[in-house]
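Trainee: Got a structure for you, written out below as structure tokens; questions coming shortly.
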Amino acid sequence: MFEPIQELIEQTAAKLHRSIAVDDPELALLGSSTHFEEVDEARLSSLVGRKITGPLRDYIMDQGAKNWRQVTFVSARPDIGIERDRLCFPLRSRYELLGFMWIIGKDLDEESLAIAAEAAERIGQALARRAQSQADSERESESLISDLLSAHALERLQAARFMRERKIMVGFEEYVVLAVAMKVDLRSSLGEPPEDIVRRAVAAAKTGRWQDACAFSPGASQSTIVLGSRTSTSYEAVQSFAHRIHEEVRRLDKKLAAETTIGIGSAQPHLETIAESHAQALVAVKVGRAYRRKVTSWSDNPTDVMIGAMVGHGYDDWLIPRVLRRLQVSQSESTLQLIETFLDQAGNAIRTAEELNIHRTTVYYRINRFQETTGLDLENGSTRLVLHLWLRSRRFIDS
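Position 14 (the sequence shown) corresponds to 14 in UniProt numbering; numbering is contiguous.
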């Protein structure tokens, strides 16, 4: 919390002898005062988690909080943790909602209400200045991130130099890129561009270690996130962050979330080389779409990322050997799945039977039948290779 707002919160709380808290538009805690009364569950959970979530959040938002334009009374709801009545002062600029100022209790006299209203006005002005400063910084950062992903080495070098000069994403040992991809031509349920939904999701998700170690560059169908790590990158932490972003997208718009896939590239030692991590993240997105995963890491899927890197958006049927083309119509999907599993298990029928939960005699029978009807010899290494590659690559074409 930066000092001017915290100072205003404390000064106003002392004058009113009431506890005050300030949240951002998504109900993440920006600052709170000393307590002048017993803390209820709602305030305690906000202080501990730094954010209002669950039924409590739903209750506030269902009251139309984002549309409030004047001081609003919020009655107690002990069943969800609001054990005390509250007054809420919406904090707004001319253009947008900046947050909420909460005062526990409702029985403020005219003088106290005037003090609170003046404080809300000053806190709103401070938040507006901070929002403008952040917006200016983010626009510059977004442009430089875009240049870091350029196909031209000179542009990448210049962007990295400018970022160091401006102290943007510096002081890190490693960098990892996340690609957040959505289907083209999607809009949110309220008509909001998908990149704006992703921007809000990233802002809500980047708590803790990522608060000051995250840069974002938006795109209509694919947005880019750069994470910095001061020690060796923890992929568990990166994956957890990616899942939080996806969950935030789902919270904001379920339709968009269903079409959102996040890919994670490998760690890079320099800003100049994050284009490699970005390219890997895009391939990881292809793997994620092929297997219907929300989040996929490039380093965890070596076989599939190799296929994904080789297979483009599609190929002409006549470029595929006829014997493979015929399989799509001559063999059932369950047979093709069995053969793929058999090849995944290096030709081990027992493991194939265990994987598919069928008897191994069934595996032997269906493999022999497949060879008889197709003329393909699964004892031949080259046949296995091309058949396995074709079976695995089908998902990438379909996705």
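For each residue, glycine too, the CB sits at the ideal point set by N, CA and C. Owing to the predicted nature of the structure, the values given are computational and were not obtained by experimental measurement.
What does a CB cutoff of less than 8 Å around residue 138 pick up in its chain, not counting 5 residues either side in sequence?
Mentor: Here residue 138 refers to the residue found at position 138 when the sequence shown is read from its first residue. The residues are 216.
Trainee: Can you tell me which of 236, 13, 299, 308 puts its alpha carbon nearest to the alpha carbon of residue 112?
Mentor: As a working mapping, residue 112 is identified with position 112 in the sequence shown. Considering only alpha carbons, the answer is 13.
Trainee: Can you tell me which of 311, 83, 140 puts its alpha carbon nearest to the alpha carbon of residue 164?
Mentor: In the sequence shown, the residue the question calls residue 164 occupies position 164. Considering only alpha carbons, the answer is 140.
Trainee: Return yes when the Cβ of residue 98 is within less than 7 Å of the Cβ of residue 402, no when it is not.
Mentor: For the chain, the structure presents residues 1 to 399; residue 402 sits outside this window and is missing.
Trainee: In whole angstroms, what separates the C-alpha of residue 285 from that of residue 88?
Mentor: The residue labelled residue 285 in the question sits at position 285 within the sequence shown. The residue labelled residue 88 in the question sits at position 88 within the sequence shown. Straight-line Cα distance between these residues: approximately 42 Å.
Trainee: Between the region 256-267 and the region 202-213, do at least 3 Cβ pairs fall closer than 8 Å?
Mentor: Short answer: they don't touch.
Trainee: Leaving out five residues before and five after residue 299 in sequence, what residues of the same chain have Cβ atoms less than 6 Å from its Cβ?
Mentor: The residue labelled residue 299 in the question sits at position 299 within the sequence shown. Hits under 6 Å: 266.
Trainee: With DSSP run on the structure shown, which of helix, strand or coil describes residue 261?
Mentor: On the sequence shown, residue 261 is found 261 positions in, with the first residue counted as 1. In this structure, residue 261 counts as strand in the three-state DSSP scheme.
Trainee: Between residue 355 and the rest of its own chain, which residues show a CB-CB distance below 7 Å, the 5 nearest in sequence each way excluded?
Mentor: Start at 1 with the first residue of the sequence shown, and residue 355 comes out as number 355. Same-chain partners within the cutoff: 341, 345.
Trainee: Between residue 366 and residue 336, which are expected to be in contact by the criterion C-beta below 8 Å, what is the C-beta distance as a whole number of angstroms?
Mentor: Residue 366 sits at position 366 when you count from the first residue of the sequence shown. Residue 336 sits at position 336 when you count from the first residue of the sequence shown. The pair is not a contact, with the Cβ atoms about 11 Å apart (cut-off 8 Å).
Trainee: Can you check which of these residues, 272, 173, 233, 290, is closest to residue 307 by C-alpha distance?
Mentor: Numbered from its first residue, the sequence shown carries residue 307 at position 307. Out of 272, 173, 233, 290, 290 has the C-alpha closest to the C-alpha of residue 307.
Trainee: Could you tell me the boundaries of the alpha helix (DSSP H) in which residue 339 lies?
Mentor: Here residue 339 corresponds to residue number 339 of the sequence shown, with the count starting at 1. 333-344 is the extent of the alpha helix (DSSP H) around residue 339.
Trainee: Determine the burial state of residue 232: buried for a count of at least 16 other Cβ atoms within 10 Å of its Cβ, exposed for fewer.
Mentor: In the sequence shown, counting from the first residue as 1, residue 232 sits at position 232. Burial call: exposed.
Trainee: Can you give me the start and stop residues for the alpha helix (DSSP H) that residue 62 sits inside?
Mentor: As a first step, residue 62 is located in the sequence shown; it is residue number 62 there, counting from the start. Note, residue 62: alpha helix (DSSP H), 54-62.
Trainee: Are there 16 or more other CB atoms within 10 angstroms of the CB of residue 126, so buried, or fewer, so exposed?
Mentor: On the sequence shown, residue 126 is found 126 positions in, with the first residue counted as 1. Residue 126 should be labelled buried.
Trainee: Specify whether the region 248-257 and the region 267-286 touch according to this definition: at least 3 beta carbon pairs, one from each stretch, less than 8 Å apart.
Mentor: Because the criterion of three Cβ pairs below 8 Å is not met, the region 248-257 and the region 267-286 do not touch.
Trainee: Measuring straight from C-alpha to C-alpha, what distance separates residue 320 and residue 387?
Mentor: Within the sequence shown, residue 320 is the residue found at index 320, counting from 1. Within the sequence shown, residue 387 is the residue found at index 387, counting from 1. Distance between the alpha carbons of residue 320 and residue 387: 11 Å.
Trainee: Would you call residue 1 buried or exposed, if buried means 16 or more other Cβ atoms sit within 10 Å of its Cβ?
Mentor: As a first step, residue 1 must be located in the sequence shown, where it is residue number 1. Low local confidence applies: a pLDDT of 45 at residue 1 is under 50, so the model's placement there is unreliable, with the coordinate-based value given in what follows. With fewer than 16 other Cβ atoms within 10 Å, it is exposed.
Trainee: Do three or more CB pairs link the region 100-108 to the region 13-31 at distances below 8 Å?
Mentor: Yes, they touch.
Trainee: On the criterion of 16 or more Cβ atoms from any shown chain inside 10 Å, does residue 397 qualify as buried, or is it exposed?
Mentor: Counting from 1 along the sequence shown, the entry for residue 397 is found at position 397. By the neighbour-count rule (16 or more Cβ atoms within 10 Å), residue 397 is not buried but exposed.
Trainee: Kindly indicate which residue of 51, 395, 182, 282 has the alpha-carbon position closest to the one of residue 328.
Mentor: Residue mapping note: residue 328 aligns to position 328 of the sequence shown, counting from 1. Here the closest residue by C-alpha is 395.
Trainee: Tell me the rounded alpha-carbon separation between residue 218 and residue 225.
Mentor: Here residue 218 refers to the residue found at position 218 of the sequence shown. Here residue 225 refers to the residue found at position 225 of the sequence shown. Straight-line Cα distance between these residues: approximately 9 Å.
Trainee: In chain order, what residues of the same chain lie with their CB nearer than 8 Å to the CB of residue 214, ignoring the 5 residues before and after it?
Mentor: Taking the first residue of the sequence shown as 1, we reach residue 214 at position 214. Excluding sequence neighbours, residue 214 sits near 202, 206, 225, 226, 227, 228.
Trainee: Under 8 Å by Cβ, that's how I've got residue 180 and residue 222 pegged, so tell me the actual separation to the nearest angstrom.
Mentor: In the sequence shown, the residue the question calls residue 180 occupies position 180. In the sequence shown, the residue the question calls residue 222 occupies position 222. Confirmed, Cβ separation roughly 7 Å.
Trainee: Tell me whether residue 241 is buried or exposed, calling it buried when 16 or more other Cβ atoms sit within 10 Å of its Cβ.
Mentor: By one-based count along the sequence shown, residue 241 stands at place 241. So residue 241 counts as buried.
Trainee: Locate the beta strand (DSSP E) running through residue 194, then write down its first and last residues.
Mentor: On the sequence shown, position 194 is the one that residue 194 refers to. That residue, residue 194, is in no beta strand (DSSP E); its alpha helix (DSSP H) goes 194-205.
Trainee: Is it buried or exposed for residue 322, if we count other Cβ within 10 angstroms and need 16 for buried?
Mentor: Sequence index remark: in the sequence shown, residue 322 carries index 322 (1-based). Exposed is the call here.
Trainee: Which class does residue 296 belong to by DSSP, given the choice of helix, strand or coil?
Mentor: For the purposes of this step, residue 296 is taken as the residue at position 296 of the sequence shown. If DSSP states are grouped into helix, strand and coil, residue 296 belongs with the strands.
Trainee: Return the bridge partner residues of residue 429 from the DSSP annotation.
Mentor: With the chain represented from 1 up to 399, any question about residue 429 goes unanswered, as that position is not in the structure.
Trainee: Given a threshold of 16 other Cβ atoms within 10 Å of its Cβ, counted over all protein chains shown, does residue 70 qualify as buried or as exposed?
Mentor: Position 70 of the sequence shown holds residue 70. Label assigned to residue 70: exposed.
Trainee: Considering residue 182, what are the terminal residues of the alpha helix (DSSP H) in which it resides?
Mentor: Indexing the sequence shown from 1 puts residue 182 at position 182. Where residue 182 is concerned, there is no enclosing alpha helix (DSSP H), although the beta strand (DSSP E) it sits in stretches over 174-182.
Trainee: Can you say whether residue 176 is buried or exposed, counting buried as having 16 or more other CB atoms within 10 angstroms of its CB?
Mentor: As a first step, residue 176 is located in the sequence shown; it is residue number 176 there, counting from the start. Residue 176 comes out buried.
Trainee: Should residue 361 go down as buried or exposed, given a rule of 16 or more other Cβ atoms within 10 Å for buried?
Mentor: The residue you call residue 361 lines up with position 361 of the sequence shown. Counting Cβ neighbours within 10 Å, residue 361 comes out exposed, since fewer than 16 surround it.
Trainee: To which residues of the same chain is residue 67 closer than 6 Å at the C-beta, ignoring the five residues directly before and after it?
Mentor: Locating residue 67 in the sequence shown gives position 67, counting from the first residue. Result list for residue 67: empty, nothing under 6 Å.
Trainee: Hey, out of 152, 29, 182, whose CA is closest to residue 292's CA?
Mentor: Counted from its first residue, the sequence shown places residue 292 at position 292. Closest by alpha carbon: 182.
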